[in-house]
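When you line the sequence shown up against the UniProt record's numbering, it's residues 1 to 440, in that order. C-beta atoms are modelled at their ideal positions from N, C-alpha and C, and glycine is treated no differently.
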Amino acid sequence: MNKIINTFFDPLKINKFLFFYELKIIFSYIKCLFYSNYINLFEKNKILNSIIFIKNSFKINNNIEYYLEFNLIKLNGELAKKFFFKKLKINNSLLIKLMLFDEIEKISQLLIFIRKTLIFISEIEFNTIIPEFYNNKIKNIITLAHHFLYWNEMFRRDHIRLLYCKKLINVFSFDPMLLYENNFINKFIIKKILKFKFLKENSLDSIYDKDYLIDFASFCSILMSHLKKICDEIILWSFESINFIKLSKKIYNNYYLNKHFNLFELIKNKTSKIYGNLINILIIIKNQTFVYFENLYDDKENLLENIFLVKNCLNNFRKSLLLIKFNKKNMYLFSLKSFSTSFNLINYLLIKGLNLNDSYYITNKCINYCITNNINLYNISINELKKISLYFDKDVFFFISLEYSLKLRNTYGDSSINQILKSIKRSKYFLNNIIINFKL
Numbered sequence: 001m002n003k004i005i006n007t008f009f010d011p012l013k014i015n016k017f018l019f020f021y022e023l024k025i026i027f028s029y030i031k032c033l034f035y036s037n038y039i040n041l042f043e044k045n046k047i048l049n050s051i052i053f054i055k056n057s058f059k060i061n062n063n064i065e066y067y068l069e070f071n072l073i074k075l076n077g078e079l080a081k082k083f084f085f086k087k088l089k090i091n092n093s094l095l096i097k098l099m100l101f102d103e104i105e106k107i108s109q110l111l112i113f114i115r116k117t118l119i120f121i122s123e124i125e126f127n128t129i130i131p132e133f134y135n136n137k138i139k140n141i142i143t144l145a146h147h148f149l150y151w152n153e154m155f156r157r158d159h160i161r162l163l164y165c166k167k168l169i170n171v172f173s174f175d176p177m178l179l180y181e182n183n184f185i186n187k188f189i190i191k192k193i194l195k196f197k198f199l200k201e202n203s204l205d206s207i208y209d210k211d212y213l214i215d216f217a218s219f220c221s222i223l224m225s226h227l228k229k230i231c232d233e234i235i236l237w238s239f240e241s242i243n244f245i246k247l248s249k250k251i252y253n254n255y256y257l258n259k260h261f262n263l264f265e266l267i268k269n270k271t272s273k274i275y276g277n278l279i280n281i282l283i284i285i286k287n288q289t290f291v292y293f294e295n296l297y298d299d300k301e302n303l304l305e306n307i308f309l310v311k312n313c314l315n316n317f318r319k320s321l322l323l324i325k326f327n328k329k330n331m332y333l334f335s336l337k338s339f340s341t342s343f344n345l346i347n348y349l350l351i352k353g354l355n356l357n358d359s360y361y362i363t364n365k366c367i368n369y370c371i372t373n374n375i376n377l378y379n380i381s382i383n384e385l386k387k388i389s390l391y392f393d394k395d396v397f398f399f400i401s402l403e404y405s406l407k408l409r410n411t412y413g414d415s416s417i418n419q420i421l422k423s424i425k426r427s428k429y430f431l432n433n434i435i436i437n438f439k440l
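What follows is the structure in structure tokens.
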């Protein structure tokens, strides 16, 4: 029967992952007892050295719950019985917080690398013209750098959210039941040893507070929604009918014969799992009605799965970004097929002295003429334009050119080359001076 239960509910993997963080708490606990004169220097060093020995000789064991106690009693005899190691295991929130500190730092480093890569590509492709799709139609002309900076802005918001989540975790919480049974434990000493900045105001809240799990799960969900958006765009660009980019063979999964099943498709498919884990965590916390509620492994399972998936997706996305080759010629030719610069015709007619309604009417007439004759605004002759309106002159072709269209958008954060170069500088400054040097 135990084997059947273990297949459904297996805490062994979770305990193995959290074992070294458990040792970290025990280290701080023993040092605290020494500073409180509960044990002497010889006893402290003997216990700490034996814990280091156990850590270095750690082996995967089915009895991981009692692995530490058994080995400590084996090495130290009666001395090991002076400590409340079993009570320390109840302190799950502190254990998870210590683990999250390290994992958030790893995720932050991956986000920094991705954002630096996006800014680097933006610096190279600052004048590469690309059409912008809206409802499967080309509605606008931008540069590739402007689009990559848009991705960088999405990751910037995620990065700020992650750092805020780290700030919420930086609150020391300790099980009050352990404090009631041992008067030698000082919260302030353990807080200082474990490098927490704040202390919980209420002892019951230190057990019941699981908000940091929801915050982290919601961060993972929003991050994955952004990654899915980006992957959708990359997959669209790689279609044979569009062919803006060429994906390297390294991006395709070797386990699948279908070449269209690439790494970006795999990242997309993981989004639903992250959403599901967020819902699961919310349901678990909703059902936690009592303060002294037994800690289940379900929230840990969802949390660890989120960490593993997010790190995996970010790491694979980081590697595949630099393996994309851009087809600049095709991007430019695709931009010429559209009527995205038709707004420039309206501005041209307004400069010539027409009112707004007449300018719209003449522009629509030009577009309809091009559609019926299977041409675009760059193939139409000046004589054909003059048949529609006598206000048109030879300088109209300069106004509807792609380069002039970009030059017009010279406001803050817009897609002109001048504004893109300024935006790259601001993005670099924000990343290097604010995010990297962020302090809790």
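Tell me, which residues are paired with residue i by DSSP?
i	result
Tyr134	Lys137
Val310	Beta-bridge pairing links Val310 to no other residue.
Thr143	Ile129
Lys246	Lys325
Leu199	Phe172
Under the assumption that residue i contacts residue j (Cβ atoms under 8 Å), give the Cβ distance between them as a whole number of angstroms.
i	j	result
Leu236	Ile242	7 Å
Asp299	His226	Not confirmed; about 24 Å, so no contact.
Ile207	Ser28	Actually they do not touch by this definition, with Cβ atoms about 19 Å apart.
Leu79	Glu43	6 Å
Ser405	Ile138	About 12 Å separates the two Cβ atoms, so there is no contact after all.
Cys370	Asn376	6 Å
Ile112	Ile435	7 Å
Ile156	Phe430	First, the residue type needs correcting, since residue 156 is Arg and not Ile in the sequence shown. Confirmed, about 7 Å.
Glu103	Ile307	5 Å
Does the beta-carbon of residue i have 16 or more other beta-carbons within 10 angstroms, so that it is buried, or is it exposed?
i	result
Arg115	buried
Tyr348	buried
Ile52	exposed
Phe438	exposed
Lys329	exposed
Lys97	buried
Phe264	buried
Ile234	buried
Tyr180	With a pLDDT of 48 at Tyr180, under the threshold of 50, the modelled position of this residue cannot be trusted, and the question is left open.
Lys283	For the sequence presented, residue 283 should be read as Ile rather than Lys. Exposed: under 16 other Cβ atoms inside 10 Å.
Gly262	Checking the sequence, you will find Asn at residue 262 rather than Gly. Looking at its Cβ environment, which holds 16 or more other Cβ atoms inside 10 Å, Asn262 is buried.
Asn152	buried
Ile124	exposed
Thr411	exposed
Lys394	exposed
Tyr212	buried
In its own chain, which residues sit with a C-beta less than 8 Å from the C-beta of residue i, not counting the 5 before and 5 after it?
i	result
Asp215	Tyr164, Cys165 and Leu168
residue 441	Because the chain here runs from 1 to 440, residue 441 falls outside it and cannot be looked at.
Leu81	Reading off the sequence, residue 81 comes out as Lys, not Leu. Excluding sequence neighbours, Lys81 sits near Ile73.
Asn186	Cys32, Tyr35 and Ser36
Asn76	Lys46, Ile47 and Ser50
Val396	Leu345, Tyr348, Ile382 and Leu385
Residues in its own chain within less than 6 Å of residue i by CB, not counting five upstream and five downstream?
i	result
Ile324	Ile245
Met154	His226
Lys268	Lys228 and Cys231
Phe326	Ile245
Phe392	Leu385 and Lys386
Asn37	none
Leu100	Ile169
Ile54	Asn71
Tyr378	Leu336
Leu257	Because the pLDDT of Leu257 is 43, which lies under 50, any placement of that residue in the model is unreliable, and the number read from its coordinates should be weighed accordingly. Closer than 6 Å at Cβ, skipping near neighbours: no residue.
Phe219	Arg161, Leu162 and Cys165
Leu223	Asp158
Using a Cβ-Cβ cutoff of less than 7 Å, which residues in the same chain neighbour residue i once the five nearest sequence positions on both sides are dropped?
i	result
Leu322	Thr117
CB of residue i to nearest heavy atom of the ligand MG: below 7 Å?
i	result
Lys428	Questions concerning the ligand MG fall outside what the structure shown contains, since it holds no ligand whatsoever.
Do three or more CB pairs link the stretch 142–154 to the stretch 409–425 at distances below 8 Å? yes
Three CB pairs or more closer than 8 Å across the stretch 108–123 and the stretch 194–201: no
Would you be able to state if there are at least three C-beta pairs under 8 Å between the stretch 127–140 and the stretch 331–338? yes
Between the stretch 395–407 and the stretch 68–79, can you find at least three pairs of beta-carbon atoms closer than 8 Å? no
At least 3 beta-carbon pairs within less than 8 Å: the stretch 302–310 vs the stretch 275–282: They touch, by the three-pair rule.
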